[in-house]
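Trainee: Here's a structure for you.
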Amino acid sequence: MTEPLFSEDEEFDRPRLAAHGPVRVRVPAKINLHLHVGPARSDGFHELTTVYHAIGLYDEVTARRGDTLTLTMEGEGTGELSLDEDNLVIRAARALAAETGHEPHARLHLKKQIPIAAGLAGGSADAAAALVACDQLWGTGMSRDDLAAIAATLGSDIPFLVLGGTALGTGRGELVSPVLTGGHTWHWVLAVAEEGLSTPTVYRTFDQLGGNSNAGTPDGLLAALRQRDPEVLAGELANDLQAAALHLRPELQGVLDAGLDAGALAGLVSGSGPTCVFLAEDARHAALLAAELESRDCCRAVRTAVGPVPGARVL
Numbered sequence: 005m006t007e008p009l010f011s012e013d014e015e016f017d018r019p020r021l022a023a024h025g026p027v028r029v030r031v032p033a034k035i036n037l038h039l040h041v042g043p044a045r046s047d048g049f050h051e052l053t054t055v056y057h058a059i060g061l062y063d064e065v066t067a068r069r070g071d072t073l074t075l076t077m078e079g080e081g082t083g084e085l086s087l088d089e090d091n092l093v094i095r096a097a098r099a100l101a102a103e104t105g106h107e108p109h110a111r112l113h114l115k116k117q118i119p120i121a122a123g124l125a126g127g128s129a130d131a132a133a134a135l136v137a138c139d140q141l142w143g144t145g146m147s148r149d150d151l152a153a154i155a156a157t158l159g160s161d162i163p164f165l166v167l168g169g170t171a172l173g174t175g176r177g178e179l180v181s182p183v184l185t186g187g188h189t190w191h192w193v194l195a196v197a198e199e200g201l202s203t204p205t206v207y208r209t210f211d212q213l214g215g216n217s218n219a220g221t222p223d224g225l226l227a228a229l230r231q232r233d234p235e236v237l238a239g240e241l242a243n244d245l246q247a248a249a250l251h252l253r254p255e256l257q258g259v260l261d262a263g264l265d266a267g268a269l270a271g272l273v274s275g276s277g278p279t280c281v282f283l284a285e286d287a288r289h290a291a292l293l294a295a296e297l298e299s300r301d302c303c304r305a306v307r308t309a310v311g312p313v314p315g316a317r318v319l
């Protein structure tokens, strides 16, 4: 069964005038509640079955009118991320301009809180935000499905972050279908590592370790979401890339052990890592768990977040 990922705003159902002032878009991070990795395909990607979950840890992209296409940034990753044609924000703006016949002119500013190379799809989130922001700035009148289709040409996680909520991802992850979750709010604690992990490196390590998949189908996970019981959901979280991430960063096992010892219902590596995600019973339990993890000094930072939340949205 499916349900909408969000309440479709009327503004995405009718032509819009271009914005005169700045457009500010907030976009969430994602975690993978279930990630089954199949064999490598002829295009170099792996066939995936995943359950995406958007959580309340956000980046923001602001778009203003300009004579060229430029990008500035602040926050996480400043000085580390390129701000040129290699950046997904720039590539997303150019892809939307090419699709709609619009001149790719905008002054874009990224305010970043999602850690980079952390298994939280921060770069993909920023691309999704750029698509929504430029659509509004230029008045291109694209629907969410239209934007998601453009997003699929840019990266596997980007279509989901245009939409948000909780969704089943297939193909290389770019084919997204919303799933019925019963409207329940889940509480998470994130342990952010000192350094990121390269997603291609994690996938190569997965193959080198034999490409063994243990996650299976997401049926149990999807049923657990509908039951709205954190203890039931805890038993269904799975990530085939976790073994590869732990192989590359053995110290992450200590982080997972610390979270479970501190009382988490479950813990797993998020996506390709190295962020570790822990499931809490409720907001109070999440706060206590976060405080305990911080006291153990086992990671760079600890964050609490709820999910699911909507995808990229104009503020």
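Remember, the numbering used here sits 4 above the position in the sequence shown when you count from 1.
C-beta: ideal position from N, C-alpha, C; glycine also.
It should be emphasised that the depicted structure is a prediction, and the values quoted were computed from it without experimental measurement.
Using 10 angstroms around the beta-carbon of GLU14, count the other beta-carbons present and answer buried if the total reaches 16, otherwise exposed.
Mentor: Below a pLDDT of 50, predicted positions are generally treated as unreliable, and GLU14, at 38, falls in that range; the measurement from the model is reported next regardless. Exposed: under 16 other Cβ atoms inside 10 Å.
Trainee: Given GLU259, which residues of its chain have a CB within under 6 Å of its CB, disregarding the five upstream and five downstream residues?
Mentor: Looking at the sequence shown, residue 259 is not Glu but Val. Excluding sequence neighbours, VAL259 sits near ALA195, CYS280, CYS302 and CYS303.
Trainee: Considering only the beta carbon of each residue, do ARG30 and ASP63 sit closer than 9 Å?
Mentor: A contact, by the Cβ cut-off of 9 Å.
Trainee: Excluding five sequence neighbours on each side, which residues of the same chain lie with their C-beta closer than 6 Å to the C-beta of GLY126?
Mentor: Closer than 6 Å at Cβ, skipping near neighbours: ILE118 and ILE120.
Trainee: Is the Cβ-Cβ distance between GLY2 and PRO314 less than 9 Å?
Mentor: Nothing can be reported for residue 2, as the shown portion of the chain is limited to 5 through 319.
Trainee: Taking the alpha helix (DSSP H) that PRO234 belongs to, which residues open and close that run?
Mentor: 234–238 is the extent of the alpha helix (DSSP H) around PRO234.
Trainee: Using a 10 Å radius around the Cβ and a threshold of 16 neighbouring Cβ atoms, would you call THR308 buried or exposed?
Mentor: THR308 should be labelled buried.
Trainee: Run through the segment 163–246 for me and flag every whole beta strand (DSSP E) of 3 or more residues, listed as ranges in chain order.
Mentor: Counting whole runs of 3 or more residues, the segment 163–246 contains the beta strand (DSSP E) stretches 170–174, 179–182 and 190–196.
Trainee: By the 10 Å Cβ neighbour count, where 16 or more other Cβ atoms means buried, how is GLU255 classified, buried or exposed?
Mentor: Its Cβ having fewer than 16 others within 10 Å, GLU255 is exposed.
Trainee: Output the distance between the C-alpha atoms of ASP88 and THR76, rounded to the nearest integer angstrom.
Mentor: Cα-Cα distance, rounded: 10 Å.
Trainee: Mark HIS24 as exposed unless 16 or more other C-beta atoms lie within 10 angstroms of its C-beta, in which case mark it buried.
Mentor: It is exposed - the Cβ of HIS24 has fewer than 16 other Cβ atoms within 10 Å.
Trainee: Among PRO43, ARG253 and ALA97, which one has its Cα closest to the Cα of GLU198?
Mentor: It is ARG253.
Trainee: Going by Cα to Cα distance, which pick from ARG69, LEU264, LEU184 and ALA295 is closest to GLU365?
Mentor: A question about residue 365 goes unanswered here, because the residues of the chain that appear run from 5 up to 319.
Trainee: How should ARG288 be labelled, buried or exposed, when 16 other C-beta atoms within 10 angstroms of its C-beta is the threshold for buried?
Mentor: It counts as exposed.
Trainee: Can you tell me which of the three DSSP states LEU283 falls into?
Mentor: It is a strand residue.
Trainee: Starting from the N-terminal side, write out each stretch of the alpha helix (DSSP H) that is 4 residues or longer and does not extend beyond the segment 49–121.
Mentor: For the segment 49–121, whole alpha helix (DSSP H) runs of length 4 or above, ordered along the chain, are 92–104.
Trainee: Given a cut-off of 9 Å on the beta-carbon distance, is the pair HIS191 and LEU264 in contact?
Mentor: Cβ atoms of HIS191 and LEU264: not closer than 9 Å.
Trainee: Nearest-angstrom Cα distance between ALA270 and GLN140?
Mentor: Looking at the two C-alpha atoms, the distance is approximately 40 Å.
Trainee: State buried or exposed for SER160, treating a residue as buried only when at least 16 other CB atoms are found within 10 Å of its CB.
Mentor: Classification for SER160: buried.
Trainee: May I ask you to report which of helix, strand or coil DSSP gives HIS38?
Mentor: In this structure, HIS38 counts as strand in the three-state DSSP scheme.
Trainee: Classify ALA290 as buried or exposed, calling it buried when 16 or more other Cβ atoms lie within 10 Å of its own Cβ.
Mentor: By the neighbour-count rule (16 or more Cβ atoms within 10 Å), ALA290 is buried.
Trainee: Out of HIS251, LEU135, LYS115 and LEU114, which one is the CA nearest neighbour of THR104?
Mentor: Looking at the Cα atoms, LEU135 is the closest of the given residues.
Trainee: Do you know whose CA, among ALA171, THR205, VAL93 and PHE164, lies nearest CYS138's CA?
Mentor: The option with the nearest alpha carbon to CYS138 is VAL93.
Trainee: For the candidate residues ALA99, THR74 and VAL310, whose alpha-carbon lies nearest to that of HIS109?
Mentor: When each option's Cα is compared against that of HIS109, the closest is THR74.
Trainee: Relative to the C-alpha of LEU229, which residue among ALA171, GLY123, ARG300 and LEU319 is closest?
Mentor: Out of ALA171, GLY123, ARG300 and LEU319, ALA171 has the C-alpha closest to the C-alpha of LEU229.
Trainee: Can the beta-carbon of GLY275 be found less than 9 Å from the beta-carbon of LYS116?
Mentor: Result no, Cβ atoms of GLY275 and LYS116 do not sit closer than 9 Å.
Trainee: Near VAL166, which residues of its chain fall below 8 Å by C-beta distance, leaving aside the five closest residues on each side in sequence?
Mentor: Excluding positions up to five away in sequence, the list reads ALA132, LEU135, VAL136, ARG148, LEU151, ALA152, ALA155, GLY315 and ALA316.
Trainee: In three-state DSSP terms, what is VAL313?
Mentor: Three-state DSSP puts VAL313 in coil, outside helix and strand.
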